[in-house]
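Accompanying notes for the structure given below.
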Amino acid sequence: MTAHTPSTEPFRDPQLPFAKRIDDLLSRLTPQEKTAFLHQFAPAVERLGVAAFRTGQEALHGVAWMGPATVFPQAVGLGATWNPELVRRVGDAVSREIRAMRAEDDRVGLNVWSPTVNLLRHPLWGRNEEGYAEDPKLTSAIATAYTHGLRGEHPTYWRTAPVLKHWLAHNNETDRSTTSSSVRPRVLHEYDLRAFRDTVEAGAVAGVMPAYNLVNGRPNHVSPYLAEHLRTWAEQELLVCSDAGAPSNLVDSEHYFDTHEEATAAALVAGVDSFTDHGTDSSQIIGRLRGALERGLLTEADLDTAVRRQLSVRFRLGEFDPGHDPHDATGEFDTPAHRALALEAAEQAIVLLKNDGVLPLAPDTRIAVVGLLADECKLDWYSGTLIHRSTPLEGLYERFGAERVEFAEGVDRVRLRTSAGVFLHVPAAEGATGEVRGAEGALDPALLRGRTDLPVLTTDAAGTELALADWGEGVLTLRAPDGRHLSVAEDGFLRASADQPGGWIVQETFRLEPHGNGHLLKHLGTGRHVCVSADGVKVADEDPEVFELIVAERGEEAVARAAAAADVVVVVAGNDPHINGRETEDRTTLRLPGQQERLLRAARAANPATVLALVSAYPYAVDTAGLPAMLWTAHGGQAAGTALARVLAGDVSPAGRLPQTWYADDADLPGLLDYDVIGSRQTYLYFEGTPLFPFGHGLSYASFAYGDLRARVGDEAVRVSFSVTNTGDVTADEVAQLYGRAVAPSVPRPRRELLDHRRVMLAPGETAELGFDVPLTAFAFWDVAQDRWRVEPGGYELLAGASSEDVRLRTTVTLDGEPALPRAVLATGLAAAGFDEQRGIAIVDRTKVSGDAVTPAGQEPGELVYRACDFGRDVSQVTVEVAGEGTVELSLDSGPALAVLSPTAPTSGPYDYVSLSASIAAAGVHDVRLTLRGPLRLAHAGFSG
């Protein structure tokens, strides 16, 4: 093999622009090499000295999956800080740890799949923990900060290359690879696209990852929006990486294409540049690409486009300039600064929801800390392995002294008796507690298997007392006295082997099912029941054991004893991030699990001075009446317990703010699959009910006064200023929030919308003068009549305060804007999906490549309204483009039907449109109403004289 000569290869010349170097390298690659580059694991090209490359390194709140690393608060907790500068520093620390870890382990990648900018539209979404906020402005502010930290400060070379997840309108795990999010144009532009657009335009994003779901009937992995929107927002190339297994889903689960060659070609042409499929085995993707080339579905130019985008990222990461990469020696790992930052982030993420004066706690307070999470430091699917660990109990021990702190976990202490009269027994095992799941790191932790080196459960006359925790909906964990959870490995046997519940398919959860006079014990990971055999306790399809549950102590009893002896009770409740609400599984309710509600009631009955500290990945609906104090924090990473203790003690005044609405009841929620935030009045932007706690809410140990609100309209922006003064007696942060609303809009607009915010630290008596330049474009909405952004003329109220509902100051400005124009239906007709209002309608794909159509969402007729349509002096004919079978009924205003159009026979397929015409008589400006009946798709309605 002839060695390459770097001095003669332009792609290795750091003096040349990246574009020319990429052109040179691309010209040297064979079609076979280019094809191989399109899999997630791109192989080396030894003849050119080009190394192998992997897309995808998870780093949502620290380096994930690759072993020990600094663990910061969950993303929703970072969102709760409302502090972009803090989040930028977190991103910077994470990127430095990635560089340091890569120096020791080349499996660690520099193409970072983070952050997640999906908006937290629905609080039952299983991946709520991964997003920052329900508001696009706050989400993009936090995401922009994190990506800038991940990217680094160098103007040319990037420390890591962030990829945003998950494009687009993705808020459900239920049937996530087959459901379609129906997203009307206004919601698309004003809500779902905004967080992506603003973050990409900020210049520190290397690409995006499409989501598993479909949008308007078309899979995200063949979305025309990648070209129409995403790639217009950035001057440099963006790398689009598929989600894992999603390319195969186009055929296997979505049945959108007949063959994998067609699907892979369509995804590549739409804009997917790197295919994450079949793990490290690239052969199937390569085979599909080659098949598509042979069938003429792709050209080599299509390959070049995708490879060019990948190479653009690799050049920016300094791969081809090892002597010039400024980040080569910038790795930092588990430094004192990173530990301090993890604590600072955890402190800033804590939200004080309610306080009747019980907090902060006095130094001599006798405290009972109780609850299933009181001595836990939980990790989620996208966490690294803990190097340091602090639970609420440990934090309170450290801050108040162990002699002043009493602990009761609140689990039920149980034994399980078999039908033979003996009990489940956990054998002693040397070294059972020495191994932590994922400590060794894994490119795909879903492939990690349970331990089989520990003894199998048996039975004996005495049995082993187990700690039973009910995480809701009857989902249980059982823990042995040594702290290990009962788990099932590949061989089907039960062992006390897991430090925590976890894994892609959790093997540590069970359900007790009533059966006769006892219970069957169902293992949820395998779906099998537990049985007792001669060789040990295992799961099987036959001969399930009937157990009698012997309760030695109810958790409420232990909690009541501890609470009665204390001055103050801290109940630490919440979720385990791997159970009942996680990737692949949505929640079903806002309520706390029943066992935790009982523990809270027991604590309050024994001691009215009860503080509820919720540690969770999402909001809950809790009865706060009579509860003196309540806090919320996301799972706060390695320093969570210390941070909570310092806030409870008053060492830190809490200043986290809710990044999403906390609804009071499940009845307040829209359907999980209802993505029409406008029509269904979702999120703080449109919700008209009374929330439990509003967006932006959070209390302090200080008090703040707002004053001197001023606003001046300029040519490009509105200059807004006001003052904030700390009127309390402790130094504290305040999060000053600025909202706006249209006073008399012609279309439904947000009740109020976040325009900007500022987190400021103020000493007692100190005043800060805050100024904001709000672009006039921030007051625009997507005008469906003109298919573009428009600022409506008129009054806009500006609201300054401490939350979306705690408004302290308000003033009104008048903007000139552009007047509304009626729809010029003679010239353009009506795009079916460009409606103003709808009932019972779903938006679907007009073709597999581009365009939208509409269809009834169910068996009932669907209705569409298009406001202010100008028919001119005389319209005599309507023509509709439809596919399928059914009828389109047209009326004006609230009048009778003027035309009913129906195909004479069903069309041959959903994309085979026919034009139908009917005579009508119309003139002037009217609202058009279209009623669709049957499985009919409507793409367009045109009018002529």
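Position 878 (the sequence shown) corresponds to 879 in the numbering used here; numbering is contiguous.
Even for Gly, the Cβ is constructed at its ideal location relative to N, Cα and C.
Secondary structure of residue i, DSSP reduced to three states
i: ARG840; result: strand
i: TYR867; result: strand
i: TYR707; result: strand
i: PHE316; result: helix
i: VAL571; result: strand
i: LYS379; result: coil
i: ASP93; result: helix
i: LYS539; result: strand
i: ALA245; result: coil
i: ALA922; result: strand
i: MET631; result: strand
i: ASN119; result: coil
i: GLY57; result: strand
i: LYS849; result: coil
CB-CB length for residue i against residue j, believed under 8 Å
i: PRO456; j: ALA481; result: Incorrect: roughly 11 Å between the Cβ atoms, too far for contact.
i: VAL531; j: GLU546; result: 6 Å
i: VAL572; j: ALA614; result: 7 Å
i: THR71; j: HIS339; result: 5 Å
Minimum C-alpha distance to residue i - residue among the options
i: GLU34; options: PRO11, GLU131 and ARG309; result: ARG309
i: ALA833; options: ALA884, ALA610 and VAL109; result: ALA884
i: GLY422; options: ALA463, GLY442 and ASP413; result: ALA463
i: GLU1; options: LEU822, GLY358 and PRO857; result: Only positions 2 to 946 of the chain appear in the structure, and residue 1 is not among them; the question remains open.
i: VAL826; options: ALA375, PRO776, GLU767 and ALA923; result: ALA923
i: LYS849; options: HIS256, LEU394, PRO74 and GLN75; result: HIS256
i: ALA302; options: GLY272, ARG315 and GLY324; result: GLY272
i: ARG177; options: LEU865, TYR158, ASN214 and THR157; result: ASN214
i: LEU79; options: LYS355, HIS636 and ILE921; result: HIS636
i: TYR158; options: ALA52, PRO137, ASP106 and GLU320; result: GLU320
i: LEU800; options: ARG742, ILE551, ARG938 and THR856; result: ARG742
i: GLU410; options: ASP471, GLU404, GLY358 and LEU449; result: ASP471
i: ALA665; options: GLY690, LEU673 and PRO655; result: GLY690
i: GLN683; options: PHE694, ARG390, ILE506 and LEU670; result: LEU670
i: THR527; options: GLN508, GLU543 and CYS242; result: GLN508
Residue i to residue j span [Cα, whole Å]
i: VAL881; j: ALA900; result: 11 Å
i: VAL184; j: ALA854; result: 12 Å
i: ASP1000; j: HIS758; result: Missing from the structure shown is residue 1000; the chain here goes from 2 to 946 and no further.
i: GLU10; j: ALA43; result: 21 Å
i: SER249; j: GLN639; result: 37 Å
i: ASP677; j: LEU601; result: 36 Å
i: LEU417; j: PHE424; result: 5 Å
i: ARG269; j: VAL223; result: Sequence inspection shows Leu at residue 269; the Arg mentioned does not correspond to that position. Roughly 8 Å between the two C-alpha positions.
i: PHE723; j: ARG713; result: 12 Å
i: ALA1; j: LEU891; result: Not covered by the structure: residue 1. The range shown for the chain is 2 to 946.
i: VAL744; j: LEU686; result: 14 Å
i: THR281; j: VAL109; result: 14 Å
i: ARG219; j: GLU886; result: 21 Å
i: GLY68; j: ARG97; result: 15 Å
i: PHE54; j: GLU229; result: 29 Å
i: LEU373; j: ARG599; result: 12 Å
i: LEU771; j: GLU395; result: 39 Å
i: HIS486; j: ALA641; result: 22 Å
i: LEU111; j: THR145; result: 18 Å
i: GLY627; j: ASN608; result: 12 Å
i: GLU798; j: ARG811; result: 7 Å
Proximity of residue i and residue j at Cβ, strictly below 7 Å
i: GLU333; j: ALA101; result: yes
i: ALA618; j: GLU47; result: no
i: GLY385; j: GLY132; result: no
i: VAL371; j: VAL612; result: no
i: ALA170; j: SER182; result: yes
i: ALA733; j: VAL725; result: no
i: TRP66; j: PRO502; result: no
i: LEU755; j: ASP136; result: yes
i: TYR383; j: LEU61; result: yes
i: ARG942; j: GLY830; result: Note that residue 942 corresponds to Ala in the displayed sequence, not to Arg. Against a cut-off of 7 Å, the Cβ pair of GLY830 and ALA942 comes out as a contact.
i: ILE368; j: VAL616; result: no
Any non-hydrogen atom of the ligand FAD closer than 6 Å to residue i Cβ
i: ASP652; result: Absent from the structure shown: the ligand FAD. Ligands present: none.
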